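The structure appears right after this line, and notes come after that.
There are 2 protein chains.
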Amino acid sequence: MPRVVVDVMLKPEILDPQGRAVMGAFTRLGVHGVADVRQGKRFEITLDGDATDEAIADLHRMAEELLSNPVIESYDLRVEE
Amino acid sequence: MPRVVVDVMLKPEILDPQGRAVMGAFTRLGVHGVADVRQGKRFEITLDGDATDEAIADLHRMAEELLSNPVIESYDLRVEE
Chain A
8 MPRVVVDVML KPEILDPQGR AVMGAFTRLG VHGVADVRQG KRFEITLDGD ATDEAIADLH
68 RMAEELLSNP VIESYDLRVE E
Chain B
8 MPRVVVDVML KPEILDPQGR AVMGAFTRLG VHGVADVRQG KRFEITLDGD ATDEAIADLH
68 RMAEELLSNP VIESYDLRVE E
């Protein structure tokens, strides 16, 4: 069954306190050489049937309206397998 | 600058209430043909320097100890660019 992956990340110009916190923890744990960390969400969507144009269009609509906040986030949608 | 992506997902045998909620919302919004939704985390880590074996080993350690909970989650780490 085809799988669609949607990655949702904060836009580059939006501050990411979660990513900052992770980066601070890296430093405290002795991991250096990291310039930046951004944290986002990943959705793995398994389809019942084929990844038709209509099914993908529906998921683009969901990614924009439900999975992300277009004011501060951008998403990447791709079909895998 | 090289970028390392770490995806953290719940293990397949662990129930995912967030994914379930998303799937329920899909159905209510008229999107059918979805068999399953799983929600996880995505980390984009930008390195200061090269993606040396040592830097990657450090990040594997962080992925296991800090970014994921190995009891219920698995992670995938890859170097991009």
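In order, the protein sequences belong to chains A and B.
Residue 32 in this note's numbering sits at position 25 of the first sequence, and the numbers go up by one each step.
Residue 41 in this note's numbering sits at position 34 of the second sequence, and the numbers go up by one each step.
Beta carbons: idealized from backbone N, C-alpha and C, even for Gly.
The structure displayed is predicted, hence computed values, not measured ones.
At 7 Å on the CB atoms, spell out the chain A contacts of lysine 48(B), in chain order. What lysine 48(B) touches in chain A: Gln46, Lys48 and Arg49.
Beta-carbon neighbours of aspartate 14(B), restricted to chain A and to distances below 7 Å: Under the 7 Å cutoff, chain A gives Arg49.
Output yes or no for whether 8 Å exceeds the beta carbon distance between valine 12(B) and glutamate 72(B). Contact: no.
Any idea what DSSP makes of alanine 32(B), helix, strand or coil? Reduced to three states, the DSSP call for alanine 32(B) is helix.
Does the region 60-72 of chain B come within contact of the region 34-46 of chain B, defined as at least 3 CB pairs closer than 8 Å? They do not touch, by the three-pair rule.
Return no unless some Cβ of chain B is closer than 8 Å to the Cβ of threonine 52(A). The amino acid at residue 52(A) is misidentified as threonine; the sequence shows isoleucine. Answer yes: the Cβ-Cβ gap between isoleucine 52(A) and chain B drops below 8 Å somewhere.
Residue closest to asparagine 76(B), alpha-carbon to alpha-carbon, out of Met16(B), Asp23(B), Leu66(B) and Arg10(B): Of the candidates Met16(B), Asp23(B), Leu66(B) and Arg10(B), the one whose C-alpha sits nearest the C-alpha of asparagine 76(B) is Met16(B).
With a CB to CB cut of under 8 Å and the five nearest residues on each side skipped, what residues in its chain are close to methionine 30(A)? Only Val41, Asp43 and Val44 meet the Cβ criterion.
According to the neighbour-count rule (16 or more other Cβ atoms, all chains shown, within 10 Å of its Cβ), is aspartate 83(B) buried or exposed? So aspartate 83(B) ends up on the exposed side.
Within 10 angstroms of its Cβ, does glycine 56(B) collect 16 or more other Cβ (buried), or is it exposed? Exposed, since its Cβ has fewer than 16 Cβ neighbours within 10 Å.
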